[in-house]
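A.B. asks:
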Ligand SMILES: NC(=O)C1=CN([C@@H]2O[C@H](COP(=O)(O)OP(=O)(O)OC[C@H]3O[C@@H](n4cnc5c(N)ncnc54)[C@H](O)[C@@H]3O)[C@@H](O)[C@H]2O)[C@@H](O)CC1
Ligand SMILES: [K+]
């Protein structure tokens with residue numbers, strides 16, 4: 001696995017080192033690197049924001065403020081109506097801030113906001129560019145800066161766009177006691193910052209675009225990190241090609257235990273997602289009441305009927321399977337719980353545990369110790385709370401996720417916007433695909449089917465989980481090309497999977 005193909009999530013210090021290394025070794029003057037970053041920002045900005053809106057740029061006196069000044073100049077060149085507001089001790093500004101201030105002064109007179117009397121009125125429909133603080137913020141933001149941030153947060157601005165990171169939001173921590181800018185869009189440099197991927201900072205990040213400003217690839221490759229952001233190139237590198245003389249057995253055999261009376265839809269979704277993700281042979285174990293449903297909706301799957309008519313009770317004969325998925329719609333009846341215990345105890349192949357299987361396990365935590373090697377847990381936040389208890393904030397939640405993966409020697413996929421995948425050796429992968437439309441019933445059942453399919457096809461547990469997670473999100477994103485988020489239903493994810501896989505497999 002070549003993790004260098006992912007975007008590495010750097011600390012503020014590593015970001016600073018990457019800048020410095022690039023300046024020394026490319027070599028490029030610091031001011032030219034700032035110009036390059038600002039030009040990349042403006043290119044992204046021009047795609048989304050038209051000239052009929054007034055742009056107010058708020059700049060601090062560090063390099064983020066320097067970026068803001070360069071961006072203002074480039075937008076003026078592009079015929080935007082721009083106003084610039086400066087905060088802080090301009091005399092003490094960084095050298096690159098000073099150079100950009102000089103370059104701008106011939107074109108426009110910036111306003112120094114010494115107190116709130118000079119703070120401008122932000123009209124309904126204005127755009128605000130936030131360049132007060134970037135990755136250099138090191139403590140809670142207070143005083144005039146905080147007053148200014150709070151005024152912008154209360155304003156009628158149509159959009160607030162952060163340069164690199166919202167002011168006041170640290171790369172690794174939020175400095176919660178101070179003011180933090182609320183932004184609708186962040187255009188960040190080179191790689192996302194950890195805080196930008198956490199739900200609690202959604203209002204401080206908004207839509208996140210990561211732009212490549214050409215920091216030294218040599219440096220980036222050399223830095224060891226534990227946290228990664230998935231890229232298409234990385235996922236492509238994980239895909240296993242089908243062999244020319246492949247037969248259905250080569251593509252793996254899965255067993256999925258799913259469904260109960262009234263919840264057979266979960267089994268159908270998991271089955272169809274598993275088949276569309278390339279499994280060779282799929283056997284579904286469902287209660288008697290679900291046999292006809294499965295056979296008629298999904299003729300490609302073989303079906304094993306449980307003697308219990310309404311719930312899954314019997315999990316015998318595990319011979320010949322390469323991966324086992326269990327959980328979607330099985331319910332938490334006592335008989336099902338007992339048989340889940342036996343299934344865990346007797347399976348010799350990796351298992352994917354989801355939904356009610358996780359709910360049962362949270363009632364019987366000691367059974368988790370017997371999970372077969374390479375197993376994958378795929379909780380949503382509710383199931384995760386039942387497994388590990390409440391968390392204080394998102395950082396604590398990630399710590400609990402990593403601790404669980406280590407303790408169980410299993411992969412733990414925590415679902416949500418930017419789903420996270422934790423490994424037993426302490427790595428954490430953030431997904432980069434998906435959208436809010438996917439918060440819909442059955443979406444998780446589809447994911448279970450996908451992970452099970454990739455495991456059965458011979459992917460190692462981490463690769464199977466990462467590929468499934470990325471493909472699942474990309475399928476959701478593809479749906480948005482033709483439908484609204486609100487209209488997305490879980491089966492749309494299955495419908496879009498063939499095209500997603502085709503594109504990923506193309507060179
Ligand atoms: N160094 C480089 O070569 C590049 C830097 N870039 C920009 O530079 C930014 C980082 O710049 P800086 O390191 O100058 O830092 P910032 O511009 O984020 O912060 C500036 C200063 O604010 C002070 N400060 C920190 N927290 C404060 C607080 N709560 N209240 C008041 N003052 C506070 C710090 O001492 C620092 O000197 C990046 O986010 C990015 O926008 C880009 O231009 C790309 C290239
Ligand atoms: K900023």
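Residue numbers (this note's numbering): 1 to 507. Ideal Cβ positions, reconstructed from N, Cα and C, are used throughout, including at glycine. Fair warning: this is a prediction, and the values are worked out from it, not measured in the lab.
1) Which partner residues of residue 128 appear in the DSSP bridge assignment?
2) Once the 5 residues before and after residue 398 are set aside, which same chain residues still bring their CB inside 7 Å of it?
3) Between the region 166–185 and the region 66–73, are three or more C-beta pairs nearer than 8 Å?
4) Taking C-beta to C-beta, are residue 248 and residue 280 nearer than 8 Å?
5) Are the CB atoms of residue 254 and residue 323 within a distance shorter than 8 Å?
6) Do residue 480 and residue 431 come within 8 Å of each other at the CB atom, strictly closer than that value?
7) Which residue comes first and which comes last in the beta strand (DSSP E) that contains residue 324?
8) Regarding residue 342 and ligand 3, is the C-beta to nearest heavy atom distance less than 7 Å?
9) Is DSSP giving residue 268 helix, strand or coil here?
10) Take the Cβ of residue 503 as the centre, count every other Cβ of all protein chains shown within 10 Å, and call the residue buried at 16 or more, exposed below.
11) Using 7 Å as the cut-off, classify the Cβ of residue 508 as near or not near the heavy atoms of ligand 2, replying yes or no.
12) Could you compute how far the alpha carbon of residue 442 sits from the alpha carbon of residue 266?
13) For residue 510, I'd like the list of residues in its chain whose CB is within less than 6 Å of its CB, leaving aside the five on either flank, ordered along the chain.
14) Using only the alpha-carbon positions, how far apart do residue 89 and residue 144 sit?
15) Among all the DSSP beta bridges, which residues are the ones paired with residue 443?
16) Looking at the strands, I want to know which residues DSSP matches up with residue 116.
17) With DSSP as the reference, label residue 255 as helix, strand or coil.
18) Just to confirm the assignment: which complete alpha helix (DSSP H) runs, minimum length 4, are found wholly within the region 215–243?
19) Report yes or no: do the region 45–58 and the region 115–134 share at least 3 C-beta pairs separated by less than 8 Å?
20) Using DSSP's beta-bridge definition, name the partner residues of residue 521.
21) So, are the CB atoms of residue 187 and residue 41 less than 8 Å apart?
22) At a threshold of 7 Å, does residue 354 count as lining ligand 2 (C-beta to nearest heavy atom)?
23) Would you tell me roughly how many angstroms separate the C-alpha atoms of residue 52 and residue 477, rounded to the nearest one?
24) Count Cβ pairs between the region 384–402 and the region 351–371 that sit closer than 8 Å; are there 3 or more?
25) Between the alpha carbons of residue 327 and residue 241, how many angstroms are there, rounded?
26) Tell me, to the nearest whole angstrom, how far the beta carbon of residue 449 is from that of residue 256; I am working on the premise that it is less than 8 Å.
27) Tell me whether residue 116 is buried or exposed, calling it buried when 16 or more other Cβ atoms sit within 10 Å of its Cβ.
28) When the Cβ atoms of the region 303–312 are set against those of the region 329–337, are three or more pairs found closer than 8 Å?
C.D. replies: So, to answer that:
1) As a first step, residue 128 is located in the chain shown; it is residue number 128 there, counting from the start. In the DSSP assignment, residue 128 is bridged to 56 and 160.
2) Your numbering for residue 398 matches position 398 in the chain shown. Excluding residues up to 5 positions away in sequence, 420 and 428 lie with their Cβ nearer than 7 Å to the Cβ of residue 398 in the same chain.
3) The answer is no - the region 66–73 does not touch the region 166–185, with fewer than three Cβ pairs under 8 Å.
4) To locate residue 248, count along the chain shown from 1; it is residue 248. To locate residue 280, count along the chain shown from 1; it is residue 280. Going by C-beta atoms, residue 248 is nearer than 8 Å to residue 280.
5) Looking up residue 323 in the chain shown gives position 323. Looking up residue 254 in the chain shown gives position 254. Between residue 323 and residue 254, the C-beta gap is smaller than 8 Å, which places the two residues in contact.
6) Taking the first residue of the chain shown as position 1, residue 431 is located at position 431. Taking the first residue of the chain shown as position 1, residue 480 is located at position 480. No.
7) Indexing the chain shown from 1 puts residue 324 at position 324. If you look at residue 324, you'll find it in the beta strand (DSSP E) that goes 323–326.
8) Annotation note on ligand 3: not contained in the displayed structure, which lists ligand 1 and ligand 2 as its ligands.
9) On the chain shown, position 268 is the one that residue 268 refers to. Here residue 268 sits in helix by DSSP.
10) Here residue 503 refers to the residue found at position 503 when the chain shown is read from its first residue. Classification for residue 503: exposed.
11) The structure shown does not extend to residue 508, since the chain is modelled only from 1 to 507, so the question has no answer here.
12) Position 442 of the chain shown, counting from 1, holds the residue named residue 442. Position 266 of the chain shown, counting from 1, holds the residue named residue 266. Distance between the alpha carbons of residue 442 and residue 266: 6 Å.
13) What is shown of the chain runs 1 to 507, which leaves residue 510 out entirely.
14) Mapped onto the chain shown, residue 89 falls at position 89. Mapped onto the chain shown, residue 144 falls at position 144. Approximately 12 Å, taken between the alpha carbons.
15) Counting from 1 along the chain shown, the entry for residue 443 is found at position 443. The partner list for residue 443 (beta bridge, DSSP) is empty, contrary to what the question assumes.
16) In the chain shown, the residue the question calls residue 116 occupies position 116. DSSP output for residue 116 lists no bridge partner at all.
17) Numbered from its first residue, the chain shown carries residue 255 at position 255. When DSSP states are grouped into helix, strand and coil, residue 255 belongs to the strand group.
18) List check, alpha helix (DSSP H) in window: 217–222 and 232–238.
19) At 8 Å Cβ cutoff, the stretches touch.
20) Since the first residue shown for the chain is 1 and the last is 507, residue 521 is missing from the structure and cannot be characterised.
21) Working through the chain shown from its first residue, we reach residue 187 at position 187. Working through the chain shown from its first residue, we reach residue 41 at position 41. Yes. Within cutoff.
22) Counting from one through the chain shown, the residue named residue 354 turns up at place 354. In this structure, the C-beta of residue 354 stays at least 7 Å away from each heavy atom of ligand 2.
23) Numbered from 1 along the chain shown, position 52 holds the residue referred to as residue 52. Numbered from 1 along the chain shown, position 477 holds the residue referred to as residue 477. Our two residues, residue 52 and residue 477, have alpha carbons roughly 29 Å apart in a direct line.
24) With contact defined as three or more Cβ pairs closer than 8 Å, the region 384–402 and the region 351–371 are in contact.
25) Translated into the one-based positions of the chain shown, residue 327 becomes position 327. Translated into the one-based positions of the chain shown, residue 241 becomes position 241. In this model, residue 327 and residue 241 are separated by some 29 Å (Cα to Cα).
26) Residue mapping note: residue 449 aligns to position 449 of the chain shown, counting from 1. Residue mapping note: residue 256 aligns to position 256 of the chain shown, counting from 1. Contact check for residue 449 and residue 256: beta-carbon distance about 7 Å, within the 8 Å limit, so the pair qualifies.
27) The count along the chain shown starts at 1 and reaches residue 116 at position 116. Classification of residue 116: exposed, given that the 10 Å Cβ count is below 16.
28) Put simply, the region 303–312 touches the region 329–337. At least three CB pairs are less than 8 Å apart.
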